[in-house]
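In the UniProt record's numbering, the protein residues as written are 1 to 277.
We put the beta carbon where it would ideally sit given N, CA and C, even for glycine.
From a predicted model like this one, the values you see are computed outputs, not experimental measurements.
Below is one structure, written out as structure tokens; the observations come after it.
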């Protein structure tokens with residue numbers, strides 16, 4: 001306490017400082033509206049406080065941010081669309097290029113085929129023309145030579161007529177002597193007689209008066225034919241076609257025997273009939 005009693009009394013009568021004090025700017029002490037506002041703020045619901053509208057600057061910033069994100073999304077979508085369109089264009093260009101190459105290849109192949117076909121046809125036409133020309137020339141030459149007795153072909157023909165060897169061959173063919181001598185030789189080799197001359201004389205006497213001098217029956221007897229057949233028919237089931245052909249060739253008969261279709265084996269009677277005919 002102070003030594004002055006008046007100062008102590010004044011201090012006692014002075015009110016305590018608090019929310020009702022007046023600030024340095026001259027605000028009224030103990031303002032009732034301020035207290036009421038503080039009380040309402042303390043008792044207010046937090047959700048209601050959050051629901052209070054924000055300021056215009058905050059809204060503008062949010063809108064700007066959203067617009068920026070939207071612009072980024074739009075740009076990304078546009079870039080993706082352009083990339084897809086570019087890829088589609090590249091694929092279309094690739095397909096068109098492949099189609100063009102295939103068309104060029106097909107055109108080239110067709111041209112090559114047409115060229116080859118044209119060359120073949122041209123070659124064939126030339127061959128036909130050459131062949132026709134050769135035939136015409138041959139006919140003309142032959143007709144001319146036939147009319148000319150001094151032509152080379154006529155001279156050669158006359159010379160051949162006078163050739164001794166040609167005359168001998170014609171004589172043998174005309175009288176069927178080649179086949180006759182062949183049959184006599186076959187019979188001689190088959191019989192192997194001690195006196196070949198006497199054997200041949202006897203065979204020639206047998207041939208006197210025969211119509212077909214080339215028939216093996218004139219040179220081989222039934223016993224000899226049977227022996228030849230038995231020599232081939234070892235299995236006793238008949239001659240095969242190949243064996244029959246070989247046996248006939250041994251007798252001087254050339255050619256394949258005429259037998260019914262499906263015949264596998266030749267009997268002795270059929271073999272003898274083939275020789276006799």
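Identify whether residue i lies in helix, strand or coil by the three-state DSSP scheme.
{"i": "residue 201", "result": "helix"}
{"i": "residue 267", "result": "coil"}
{"i": "residue 176", "result": "coil"}
{"i": "residue 253", "result": "coil"}
{"i": "residue 26", "result": "Note on residue 26: pLDDT 42, under 50, position unreliable in the model; the coordinate value appears next. If DSSP states are grouped into helix, strand and coil, residue 26 belongs with coil."}
{"i": "residue 260", "result": "coil"}
{"i": "residue 112", "result": "helix"}
{"i": "residue 58", "result": "helix"}
{"i": "residue 117", "result": "helix"}
{"i": "residue 234", "result": "coil"}
{"i": "residue 126", "result": "helix"}
{"i": "residue 144", "result": "helix"}
{"i": "residue 154", "result": "helix"}
{"i": "residue 161", "result": "helix"}
{"i": "residue 193", "result": "coil"}
Within 10 angstroms of its Cβ, does residue i collect 16 or more other Cβ (buried), or is it exposed?
{"i": "residue 225", "result": "buried"}
{"i": "residue 248", "result": "buried"}
{"i": "residue 171", "result": "exposed"}
{"i": "residue 278", "result": "Residue 278 lies beyond the range of the chain shown here (1 to 277); nothing can be said about it."}
{"i": "residue 233", "result": "buried"}
{"i": "residue 136", "result": "exposed"}
{"i": "residue 180", "result": "buried"}
{"i": "residue 229", "result": "buried"}
{"i": "residue 72", "result": "exposed"}
Is residue i near the ligand ADP - that is, is its Cβ less than 6 Å away from at least one heavy atom of it?
{"i": "residue 72", "result": "You won't find the ligand ADP in this model; it holds no ligand whatsoever."}
Just grab the DSSP bridge partners of residue i for me.
{"i": "residue 239", "result": "266"}
Report the option in the options whose CA atom is closest to the CA atom of residue i.
{"i": "residue 261", "options": "271, 251, 241, 155", "result": "241"}
{"i": "residue 177", "options": "267, 204, 163", "result": "204"}
{"i": "residue 227", "options": "120, 271, 130, 129", "result": "271"}
{"i": "residue 250", "options": "160, 195, 94, 188", "result": "188"}
{"i": "residue 222", "options": "122, 274, 174, 200", "result": "274"}
{"i": "residue 185", "options": "58, 175, 201, 99", "result": "201"}
{"i": "residue 190", "options": "165, 129, 231, 110", "result": "231"}
Original post:
When the Cβ atoms of the region 228-238 are set against those of the region 262-273, are three or more pairs found closer than 8 Å?
Top reply: yes
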